[in-house]
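Undergrad:
Protein chains in written order, with full-length UniProt numbering: chain A, 1 to 325; chain B, 1 to 325.
(1) Could you name the residues of chain B that residue 65(A) contacts, counting a contact when the two beta carbons are closer than 9 Å?
(2) Could you name the residues of chain B that residue 112(A) contacts, counting a contact when the two beta carbons are closer than 9 Å?
(3) Which same chain residues, not among the five before or five after residue 86(B), have their C-beta less than 6 Å away from its C-beta?
(4) Between the segment 96-112 of chain A and the segment 169-183 of chain A, do three or more beta carbon pairs fall short of 8 Å?
(5) Contact check, residue 214(B) vs residue 206(B) under 8 Å by CB: the rounded distance?
(6) Leaving out five residues before and five after residue 254(A) in sequence, what residues of the same chain have Cβ atoms less than 6 Å from its Cβ?
(7) Any Cβ of chain B within less than 8 Å of the Cβ of residue 254(A)?
(8) Below 8 Å on the Cβ atoms is my contact criterion, and I expect residue 296(A) with residue 284(A) to pass it. Report the Cβ-Cβ distance as a whole number of Å.
(9) With 16 other CB atoms within 10 Å as the buried threshold, where does residue 1(B) fall?
(10) CB-CB under 8 Å to residue 147(A), same chain, minus the five flanking residues each way: which ones, in chain order?
(11) Reducing DSSP to helix, strand and coil, say where residue 279(A) ends up.
(12) Is the CB-CB distance between residue 307(A) and residue 249(A) below 8 Å?
(13) As a quick exercise: from 116(A), 90(A), 53(A), 84(A), pick the residue whose alpha carbon is nearest that of residue 42(A).
(14) Fully enclosed by the segment 232-318 of chain A, which beta strand (DSSP E) runs are 3 residues long or longer?
(15) In chain A, which residues lie less than 8 Å from residue 51(B) when you measure between Cβ atoms?
(16) Answer yes or no: does any C-beta atom of chain A fall closer than 8 Å to that of residue 236(B)?
(17) Measuring straight from C-alpha to C-alpha, what distance separates residue 251(B) and residue 159(B)?
(18) Go ahead and label residue 157(B) buried or exposed: buried means 16 or more other beta carbons lie within 10 angstroms of its beta carbon, across all protein chains shown.
(19) In this structure, does DSSP put residue 93(A) in helix, strand or coil?
(20) Can you tell me whether DSSP reads residue 125(A) as helix, strand or coil?
(21) Starting from the beta carbon of residue 346(A), find every residue of chain B whose beta carbon is closer than 9 Å, and list them in chain order.
(22) Using 8 Å as the limit for Cβ to Cβ distance, is residue 94(A) near chain B?
(23) Considering Cα atoms alone, identify which of 263(A), 150(A), 78(A) is closest to residue 44(A).
(24) Just to confirm my understanding: we take residue 208(A), look at its own chain, exclude 5 residues before and 5 after, and list those with CB closer than 8 Å. What are they?
(25) Drop a sphere of 10 angstroms on the beta-carbon of residue 138(A), count the other beta-carbons inside from all chains shown, and report buried for 16 or more, exposed for fewer.
(26) When DSSP labels each residue in this structure, what does residue 103(A) get in the three-state scheme?
(27) Name the chain B residues whose beta carbon is nearer than 9 Å to that of residue 323(A)?
(28) With 16 as the cutoff for other CB atoms within 10 Å, does residue 280(B) come out buried or exposed?
(29) So, is the C-beta of residue 317(A) closer than 8 Å to a C-beta in chain B?
(30) What is the DSSP secondary structure of residue 21(B), reduced to helix, strand or coil?
(31) Mind checking if residue 207(A) is an interface residue toward chain B, Cβ cutoff 8 Å exclusive?
(32) Can you grab the Cα-Cα spacing for the pair residue 63(A) / residue 91(A), in whole Å?
(33) Listed from N- to C-terminal order along the chain, which residues in the segment 33-46 of chain B have their beta-carbon within a distance smaller than 7 Å of any beta-carbon of chain A?
(34) At a CB distance below 9 Å, what residues from the segment 6-26 of chain B approach chain A? Give them in sequence order.
(35) So for residue 40(A), helix, strand or coil by DSSP?
(36) Determine the contact status of residue 154(B) and residue 14(B), defining contact as a CB-CB distance below 8 Å.
As structure tokens, then:
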């Protein structure tokens, strides 16, 4: 179970390794939202998303003897890159298991971060069996994407920074909106803020059709998504909240906020125009909630996490074209 | 004449007002450039460019009695927004004189930052006469875009931050590449680094056809551009280096580096893909120099200023489409 002490220890290990991202703002965005909005741009983090924090936290927390043998992860997205780069900087082997039909750019990027990419056929091969075999043969440690206490601790370092930076802006009460997939980022931030900024309330944000966390919080028990793919918000699509993360979300978070894909794209465009940052649709759902769901929010200040920026040019052009149309 | 003491005093006045922008990097960019590249993203500054620093520095340096009457500037671009927002935050009147054919978005943005926009007809009216009349009638102080010691001091605060941040990365010798128009940003940074990082050499960067600074440095005397408009790098197009800035550039800078418009656009795309920041073409010429002119550079580390991000969606889409083609 992730404690504040674990988050603070992760922050020590991340010092000088992860980027301390700034808090951005724009009077134009404040005007649309009708309140002060501060954006924590984790798209500017190494590898283009917050996942580097959790990856580094988990890899650096391993016993050196265990770590030297290497790590393994399943992911075609931001977690793959975060773990791969953390492993590369530690100088240890890293295997990332990806479906053979993953976009070539993602495969290339993961390899460029130093990982050995093992491709499998989604239709005919068992990903978990391949991973278990490789882990056993080579002594690799599995780094899970969110249901892993040291990963949650790493993501929680964002909460520590938010508490400090918000205090610097004179904010003592705010809602903190976080794009939520499996809940590692959201639960880590909620744990940090519980201790460091008790006047803050964390709100998980999701796209329509993939609102498992919002429904789980409303029901009080874990709910699954009907669909498991087919969203432009691919970075935050998971079947259901984690077994470790959900109890934390349930204890600490306010109700989830659900946005449309169109609202996520409009938030991408506003982040381009007004904050000069590149955010992927999944990473923009919290900004979309702040901009387009003002009635779901209370108070004068909202802090938004922009969780990642790994969007390809075609998708980004499509977002900008909506504005021009 | 801007001194280190003036730059440090400007940094004190800017503390908590201007954003301290981070230093970004990417192993992908390092690989293309063949050396370590660090990017200072002033596109993330308030108003989307470094100009807010100079604007705030100049406005905050005025005698309170003088300041209360207000300020005036000529600009259709980043300087307009920087001065307007600095004046708004000081709660003083601000007049920006813009050509009536300026893009509507720029006029709207300048108004949204609280300025009174006075439009003039380029063909039939004398901009300077309008400005002089308004300044005299209302007691407004003119804030010049670069040939003004307190503006240079404000831009120089970027040099102070670069010196500190580079030391944190263990860099004691580097070339510092700066997009250069009239030379306020470049001379301010050069003055700060002369004192704080004497192992660093500043290199002004410009687009082809508008390389007045590179030619002036080569000739030892001020040279003019043949054309005064018609570049996608509009943010850094000026007729010639400033009377105040050029002697500083001549004393402290290495030779200028000139890039093509295509290289500037490719740098915009790489900044999108690898750094997740929005940079306008003129703000990307220094990154283009680092990426595509490695033979013009020496040493293992280069620091690049990405000076602004005020690019419209159509231009940005065009940059991304080059990559897709």
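Quick reminder that beta carbons are idealized off the backbone N, C-alpha and C, glycines included.
TA: Here's the rundown:
(1) Stepping through the first chain from its first residue, residue 65(A) is reached at position 65. Those do not exist, as residue 65(A) stays about 28 Å from chain B at its closest Cβ, beyond 9 Å.
(2) Residue mapping note: residue 112(A) aligns to position 112 of the first chain, counting from 1. Going along chain B in sequence order, the residues near residue 112(A) (Cβ under 9 Å) are 27, 28, 31.
(3) The residue you call residue 86(B) lines up with position 86 of the second chain. Answer for residue 86(B): 55, 56, 59, listed in chain order.
(4) Judged by pairs of C-beta atoms under 8 Å, the segment 96-112 of chain A does not touch the segment 169-183 of chain A, as fewer than three such pairs exist.
(5) Walking along the second chain from the start, residue 214(B) turns up at place 214. Walking along the second chain from the start, residue 206(B) turns up at place 206. That belief holds up - the Cβ atoms of residue 214(B) and residue 206(B) are roughly 6 Å apart, short of 8 Å.
(6) Residue numbering aside, residue 254(A) sits at position 254 when the first chain is read from its first letter. Excluding the 5 residues flanking it on each side, residue 254(A) has same chain C-beta neighbours closer than 6 Å at 201, 203, in chain order.
(7) Here residue 254(A) corresponds to residue number 254 of the first chain, with the count starting at 1. Chain B, which has no Cβ nearer than 8 Å to the Cβ of residue 254(A), makes this no.
(8) As a position in the first chain, residue 296(A) is number 296, starting the count at 1. As a position in the first chain, residue 284(A) is number 284, starting the count at 1. The C-beta distance from residue 296(A) to residue 284(A) rounds to 16 Å, too long to meet the 8 Å contact threshold.
(9) Start at 1 with the first residue of the second chain, and residue 1(B) comes out as number 1. With fewer than 16 other Cβ atoms within 10 Å, it is exposed.
(10) Counted from its first residue, the first chain places residue 147(A) at position 147. Apart from sequence neighbours up to five positions away, the residues of its chain that approach residue 147(A) with a beta-carbon distance below 8 Å are 182, 184, 242, 243, 244, 245, ordered along the chain.
(11) Mapped onto the first chain, residue 279(A) falls at position 279. Coil at residue 279(A), not helix or strand.
(12) Start at 1 with the first residue of the first chain, and residue 307(A) comes out as number 307. Start at 1 with the first residue of the first chain, and residue 249(A) comes out as number 249. For residue 307(A) and residue 249(A), no; Cβs fall outside 8 Å.
(13) For the purposes of this step, residue 42(A) is taken as the residue at position 42 of the first chain. Taking only the C-alpha atoms, the option nearest residue 42(A) is 53(A).
(14) For secondary structure counted as the beta strand (DSSP E) over 3 or more consecutive residues, the segment 232-318 of chain A holds these complete runs in sequence order: 257-259, 301-306.
(15) Within the second chain, numbered from 1, the residue matching residue 51(B) stands at position 51. None at all; the shortest Cβ gap to chain A is about 13 Å.
(16) As a first step, residue 236(B) is located in the second chain; it is residue number 236 there, counting from the start. Not closer than 8 Å to any Cβ of chain A, the Cβ of residue 236(B) fails to qualify, so no.
(17) Stepping through the second chain from its first residue, residue 251(B) is reached at position 251. Stepping through the second chain from its first residue, residue 159(B) is reached at position 159. The C-alpha of residue 251(B) lies about 16 Å from the C-alpha of residue 159(B).
(18) Locating residue 157(B) in the second chain gives position 157, where the first residue counts as 1. Buried, because 16 or more other Cβ atoms sit within 10 Å of the Cβ of residue 157(B).
(19) Sequence index remark: in the first chain, residue 93(A) carries index 93 (1-based). Coil.
(20) The residue you call residue 125(A) lines up with position 125 of the first chain. Coil at residue 125(A), not helix or strand.
(21) Nothing in the structure corresponds to residue 346(A), since chain A is present only between 1 and 325.
(22) Counting from 1 along the first chain, the entry for residue 94(A) is found at position 94. Output row for residue 94(A): interface = no.
(23) For the purposes of this step, residue 44(A) is taken as residue 44 along the first chain, with counting starting at 1. Nearest option by C-alpha distance: 78(A).
(24) To locate residue 208(A), count along the first chain from 1; it is residue 208. If we look at residue 208(A) and ignore the five residues flanking it on each side, its Cβ neighbours are 258, 259, 260, 261.
(25) As a working note, residue 138(A) is residue 138 in the first chain. Exposed, since its Cβ has fewer than 16 Cβ neighbours within 10 Å.
(26) Along the first chain, one-based indexing puts residue 103(A) at 103. Three-state DSSP puts residue 103(A) in coil, outside helix and strand.
(27) For the purposes of this step, residue 323(A) is taken as residue 323 along the first chain, with counting starting at 1. Neighbours of residue 323(A) in chain B, taken as residues whose beta carbon is under 9 Å from its own, are 313 in chain order.
(28) By 1-based counting over the second chain, the position of residue 280(B) is 280. With 16 or more Cβ atoms within 10 Å of its Cβ, residue 280(B) is classed as buried.
(29) As a position in the first chain, residue 317(A) is number 317, starting the count at 1. Using a Cβ-Cβ cut-off of 8 Å, residue 317(A) counts as an interface residue toward chain B, since at least one Cβ of chain B sits closer than that to its own.
(30) What you label residue 21(B) is simply residue 21 of the second chain in a count that begins at 1. Per DSSP, reduced to three states, the secondary structure at residue 21(B) is coil, with no helix or strand assignment.
(31) Counting from 1 along the first chain, the entry for residue 207(A) is found at position 207. For residue 207(A), the nearest beta carbon of chain B is not closer than 8 Å to its own beta carbon.
(32) Locating residue 63(A) in the first chain gives position 63, where the first residue counts as 1. Locating residue 91(A) in the first chain gives position 91, where the first residue counts as 1. The alpha-carbon of residue 63(A) is positioned some 14 Å away from that of residue 91(A).
(33) Residues 43, 44.
(34) Within the segment 6-26 of chain B, the residues whose Cβ lies closer than 9 Å to some Cβ of chain A are 16, 19, 20, 21, 22, 23, 24, 25, 26, listed in chain order.
(35) Within the first chain, the letter at position 40 stands for residue 40(A). Under the three-state reduction of DSSP, residue 40(A) is assigned to strand.
(36) Residue numbering aside, residue 154(B) sits at position 154 when the second chain is read from its first letter. Residue numbering aside, residue 14(B) sits at position 14 when the second chain is read from its first letter. For residue 154(B) and residue 14(B), yes; Cβs fall inside 8 Å.
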